[in-house]
Amino acid sequence: MIKSLYQRPSNEKVIEIEIGQQTKLQTLCVIYNNQGEVIYEMHGKQLRKMNDINAQIFKNIEQIQNLEWKGDLKDSIKQIGEWKAFWQNSPLYQRVMYNTNGRKEGLCHEVFSSFTKQNYLVESGIYKDGIRVGKWMTNKFLWIGQSYVGQQLLNKGIYNGKGQKIRRWIELHPEFSKNLLLIYKGRYFDDVKNGIWWTKFKYFSENSYSTIGGGTYVNGLKNGYWIDTCQYFNNLMQFLESGTYNQGVRTGIWTIKNNGKNLEKLHFPNMIYDENGQKQGIWMEISKYLIQSEKLVTFIVLQGCYVDGEKDEYWDILLFINNQIRQKGGGRYNQGKKVGKWKELELQNDQFWRIEQGEYKDGKKYGLWESFPLNYRRNWDTNTSSSINTELFPTRIIGTFNQNGKEEGCWMYLNETDQYNKFNCLNLQRVEFINGIKKINYQKTF
Numbered sequence: 000m001i002k003s004l005y006q007r008p009s010n011e012k013v014i015e016i017e018i019g020q021q022t023k024l025q026t027l028c029v030i031y032n033n034q035g036e037v038i039y040e041m042h043g044k045q046l047r048k049m050n051d052i053n054a055q056i057f058k059n060i061e062q063i064q065n066l067e068w069k070g071d072l073k074d075s076i077k078q079i080g081e082w083k084a085f086w087q088n089s090p091l092y093q094r095v096m097y098n099t100n101g102r103k104e105g106l107c108h109e110v111f112s113s114f115t116k117q118n119y120l121v122e123s124g125i126y127k128d129g130i131r132v133g134k135w136m137t138n139k140f141l142w143i144g145q146s147y148v149g150q151q152l153l154n155k156g157i158y159n160g161k162g163q164k165i166r167r168w169i170e171l172h173p174e175f176s177k178n179l180l181l182i183y184k185g186r187y188f189d190d191v192k193n194g195i196w197w198t199k200f201k202y203f204s205e206n207s208y209s210t211i212g213g214g215t216y217v218n219g220l221k222n223g224y225w226i227d228t229c230q231y232f233n234n235l236m237q238f239l240e241s242g243t244y245n246q247g248v249r250t251g252i253w254t255i256k257n258n259g260k261n262l263e264k265l266h267f268p269n270m271i272y273d274e275n276g277q278k279q280g281i282w283m284e285i286s287k288y289l290i291q292s293e294k295l296v297t298f299i300v301l302q303g304c305y306v307d308g309e310k311d312e313y314w315d316i317l318l319f320i321n322n323q324i325r326q327k328g329g330g331r332y333n334q335g336k337k338v339g340k341w342k343e344l345e346l347q348n349d350q351f352w353r354i355e356q357g358e359y360k361d362g363k364k365y366g367l368w369e370s371f372p373l374n375y376r377r378n379w380d381t382n383t384s385s386s387i388n389t390e391l392f393p394t395r396i397i398g399t400f401n402q403n404g405k406e407e408g409c410w411m412y413l414n415e416t417d418q419y420n421k422f423n424c425l426n427l428q429r430v431e432f433i434n435g436i437k438k439i440n441y442q443k444t445f
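Take numbering that gives the first Met the number 0: the last position of the sequence shown gets the number 445, and nothing is skipped along the way.
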């Protein structure tokens, strides 16, 4: 996918992380530069730049944009004393104490991974020289308007003196919110899961959780029959995968089904794993998705053949809008590498998909490629998917990739949307690349 107009310098460390936000799955770039800064980017756009004073990586877009910790530094590199959390410069309840060695100490209240101002989740417990010990719990702070009205206990567990989880635990899904009320219950022995673990789910309107999956751990590895939630599980896409594990490796026949109230008509064939856990035969799998409302669910399904865990021959790319296929693409693999002509569907942001057309050579984009957005409109007077139409917007990106799969030469970014329709004018951005590095940027309206 065309993610940005430029390539990062080779002396910067770049980490790409797939992050989900219940509504979508996107790629977050975390860049560490030589100035001791951390830069967060998505779709080529900088979200935030901050000092790299600890190893924590934010994986929540709202936290990246709004959350800030403030406190004192020792020797400009070590956090010391009390640090307080702020959201858009307004103080939060969360606060953490650091000892003289820059390690967390005493009673601390931390931000849960899915925390937002509307999803006010607080992890509380004791640190001893940077290690969690004793009882820890996660509470949801309840508000009516701007008024605080109390807390709701969501989960709890115990750490031993070495910072290892022990005994019974209730754990929240990392993206836990009213749109994904998913928890896991089971036992830890010296930080290792053992015995039966249950996966439980409920809708926001329900009072109690229902068991939807789970299985048995043996020394931290899944073993025997399991029901797993799929990678993209949420309120509207409740796909469950069931089959057998052998010491943490999926083997034999696995099935996938939808456990929710939506997408009932979408059926998947059985999935086959060999004794080494490699995928074999014909597969259908969800690749990316976007949920804009309960009336509009769009997602990509890939369909093709696996040989010894690698994609081979022709693979279809199907864009589903609710239960109907609305756009098709695809191309050919040779031993896991894309080759020949491809038509791909990529999620550009939380608003639309892009169609990208061109050629692959030995797994790398090569030659002339063209990209344009795919849009769909909604008629709120009906709930049927037939009311959703797709049309191609004329905004286009055209350019060439070299043998290294890098942008090369002149790339054209042509925008002829609203201004073109009203004033018959075009906005043209021309970018010159040398092996993926942007050299010249020229923009003109005519």
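All residues carry an ideal CB built from backbone N, CA and C; glycine is no exception. Since this is a predicted model, take the numbers as computed values, not measurements.
Positions of the beta strand (DSSP E) runs, each at least 3 residues long and wholly inside the segment 211-280, are given as 220-228, 238-245, 248-257, 270-272 in order along the chain. Here the C-alpha atom of alanine 84 lies approximately 29 Å from the C-alpha atom of asparagine 233. Buried is the label assigned to aspartate 227, since at least 16 other Cβ atoms lie within 10 Å of its Cβ. Note on phenylalanine 203: under 16 other CB atoms within 10 angstroms of its CB, so exposed under the neighbour-count rule. Taking every protein chain shown into account, the CB of isoleucine 38 has 16 or more other CB atoms within 10 angstroms, so this residue is buried. Spanning the alpha carbons of valine 110 and leucine 317 requires a straight line of approximately 38 Å. Residue environment analysis places arginine 249 among the buried positions, since at least 16 neighbouring C-beta atoms fall within 10 angstroms of its C-beta. At least 9 Å separates the beta-carbon of glycine 335 from that of aspartate 315. By the Cβ neighbour-count rule, glutamate 11 is exposed, with fewer than 16 other Cβ atoms within 10 Å of its own. Beta-bridge partners assigned by DSSP to leucine 346: Trp352. Excluding its 5 nearest sequence neighbours in each direction, isoleucine 165 has C-beta neighbours in its own chain below 6 Å: Ile157, Asn159, Tyr187, listed in chain order.
Counting every other CB atom within 10 Å of its CB across the protein chains shown gives proline 372 a total of 16 or more, marking it as buried. The C-alpha of glycine 357 is placed about 14 Å away from the C-alpha of glutamine 402.
Out of Gln45, Ser146, Lys48, Arg94, the CA that lies nearest to the CA of lysine 69 is found in Arg94. In the structure shown, the three-state DSSP call for glutamate 104 is coil. DSSP, read as helix, strand or coil, puts glutamate 11 in coil.
Cα atoms of glycine 133 and glycine 124: separation of roughly 7 Å, rounded to the nearest angstrom. The continuous beta strand (DSSP E) containing asparagine 193 extends over residues 191-201.
With a cutoff of 9 Å on beta-carbon distance, tyrosine 272 and methionine 236 are scored as not near each other. At a Cβ-Cβ threshold of 9 Å, threonine 399 and glycine 366 count as neighbours. Going by DSSP, isoleucine 60 is part of the alpha helix (DSSP H) stretching over 60-65.
Between glycine 105 and glutamine 78, the C-beta spacing is not below 9 Å. Measuring C-alpha to C-alpha distances from leucine 427 to each of Ile396, Tyr183, Gly435 identifies Ile396 as the nearest. The distance from the Cβ of lysine 58 to that of leucine 27 is about 7 Å, consistent with a contact at the 8 Å cut-off.
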